[in-house]
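Asks: There's a structure below that I have some questions on.
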Amino acid sequence: MKAPVGDDPASKSGDPRDEIIQHLGAMRAFAMSLTRDGSSADDLVQDTIVKAWSKIATFEPGTNMRAWLFTILRNTFYSGRRRAKREVEDVDGVMAGGLAEKPAHDGRLAMRDFEFAFAKLPDEQREALTLVGGSGFSYEEAAETCGVAVGTIKSRVNRGRKKLAELLHLSEDDSMDMTDKSTMAVIGSQSATGGFRA
-15 MKAPVGDDPA SKSGDPRDEI IQHLGAMRAF AMSLTRDGSS ADDLVQDTIV KAWSKIATFE
45 PGTNMRAWLF TILRNTFYSG RRRAKREVED VDGVMAGGLA EKPAHDGRLA MRDFEFAFAK
105 LPDEQREALT LVGGSGFSYE EAAETCGVAV GTIKSRVNRG RKKLAELLHL SEDDSMDMTD
165 KSTMAVIGSQ SATGGFRA
């Protein structure tokens, strides 16, 4: 549960830049979901902080700092991609294979399977699932961050979750033995996925 703006230490200091540090972990997680590479994610977060710092006068005190930072991060990512004109694909799974893997368990769904399936989703669906599921954004906040309508975000989340269920060969009667809360949040909306149980 978020503390009221008035109870935020950053709001008491009067300088909104003091709040930026509180969002570094969430920013890196979002950057990682976009870049799928730790080094690139760190660079993206650093670029975002530099931009946010230089544009702090445009931030409206009392509004959602996290959403503002995520918008800058997202715009920075897509601007860089447009400049590069191409995306490096992880065709042989080397990059995904280097990601941290949960310890083996008896459940049907391994973390590695989820990582491979998640990497196959279109960028827009990965982004929406990360914001709404992994980062805890409301649909409205995610829509504002991405600059699209709320219905578009809901559609992307719905399609992303359905595609994940398909890639992971899950049906309505399947259950998933996952303990990672962020992963479960990304994939675990029964209504959005057609009813399979988390």
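For the record, in the sequence shown the residue sitting at position 166 is 150 according to this note's numbering, with numbers rising by one throughout.
Built from N, CA and C at the ideal position, the CB exists for glycine as well.
#1: Please name the residue, chosen from 118, 41, 16, 97, that lies closest to residue 150 on a Cα-to-Cα basis.
#2: Taking 8 angstroms as the cut-off, does the segment 48 to 59 touch the segment 120 to 129 (at least 3 CB pairs, one atom from each stretch)?
#3: Whole angstroms are fine: how far does the CA of residue 18 sit from the CA of residue 134?
#4: Nearest chain B C-beta to residue 143 closer than 7 angstroms, yes or no?
#5: Please name the residue in 60, 117, 21, 63 whose C-alpha comes closest to that of residue 145.
#6: To the nearest angstrom, how far is it from the Cα of residue 147 to the Cα of residue 111?
#7: Among 68, 11, 45, which has the Cα closest to the Cα of residue 129?
#8: Which residues in the same chain have their Cβ closer than 7 angstroms to the Cβ of residue 15, if we skip the five residues on either side of it in sequence?
#9: Cutting at 6 angstroms between CB atoms, please list the residues of its own chain near residue 6, excluding the five before and the five after it.
#10: Return the first residue and the last residue of the alpha helix (DSSP H) that residue 20 is part of.
#11: Please report the residue range of the alpha helix (DSSP H) in which residue 109 lies.
#12: Can you find the residues in the same chain that come closer than 6 angstroms, C-beta to C-beta, to residue 140, ignoring five residues on each side of it along the sequence?
#13: Within 10 Å of its beta-carbon, does residue 67 have 16 or more other beta-carbons around it, so buried, or fewer, so exposed?
#14: Please classify residue 6: does DSSP put it in a helix, a strand, or coil?
#15: Within its chain, find whatever has a CB closer than 6 angstroms to the CB of residue 1; leave out the 5 residues flanking it on each side and keep chain order.
#16: Buried or exposed: which applies to residue 8, given that a residue is buried once 16 or more other Cβ atoms fall within 10 Å of its Cβ?
Replies: Quick answer:
#1: What you label residue 150 is simply residue 166 of the sequence shown in a count that begins at 1. With distances taken between Cα atoms, residue 150 lies closest to 97.
#2: Touching, yes, given that three or more Cβ pairs across the two stretches are closer than 8 angstroms.
#3: Here residue 134 corresponds to residue number 150 of the sequence shown, with the count starting at 1. Here residue 18 corresponds to residue number 34 of the sequence shown, with the count starting at 1. Whole-angstrom Cα-Cα distance: 20 angstroms.
#4: Absent from the structure is chain B; it holds one protein chain and no more.
#5: For the purposes of this step, residue 145 is taken as residue 161 along the sequence shown, with counting starting at 1. The option with the nearest alpha carbon to residue 145 is 117.
#6: Locating residue 147 in the sequence shown gives position 163, counting from the first residue. Locating residue 111 in the sequence shown gives position 127, counting from the first residue. Distance between the alpha carbons of residue 147 and residue 111: 14 angstroms.
#7: The residue you call residue 129 lines up with position 145 of the sequence shown. Relative to residue 129, the option among 68, 11, 45 whose CA is nearest is 11.
#8: Against the sequence shown, residue 15 aligns to sequence position 31. Result list for residue 15: 25, 28, 29, 57, in chain order.
#9: Within the sequence shown, numbered from 1, the residue matching residue 6 stands at position 22. Closer than 6 angstroms at Cβ, skipping near neighbours: no residue.
#10: Taking the sequence shown and counting its residues from 1, the one referred to as residue 20 is at position 36. From DSSP, residue 20 is part of no alpha helix (DSSP H); its letter is neither H nor E.
#11: As a position in the sequence shown, residue 109 is number 125, starting the count at 1. Start and end: 107 to 113.
#12: Along the sequence shown, one-based indexing puts residue 140 at 156. Non-local C-beta neighbours of residue 140 in its own chain, meaning closer than 6 angstroms and more than five positions away in sequence, comprise 108, 109, 112, ordered along the chain.
#13: Here residue 67 refers to the residue found at position 83 when the sequence shown is read from its first residue. It counts as exposed.
#14: As a first step, residue 6 must be located in the sequence shown, where it is residue number 22. Three-state result, residue 6: helix.
#15: For the purposes of this step, residue 1 is taken as residue 17 along the sequence shown, with counting starting at 1. If we look at residue 1 and ignore the five residues flanking it on each side, its Cβ neighbours are 40.
#16: Translated into positions along the sequence shown, residue 8 becomes position 24. Exposed, by the Cβ-count rule.
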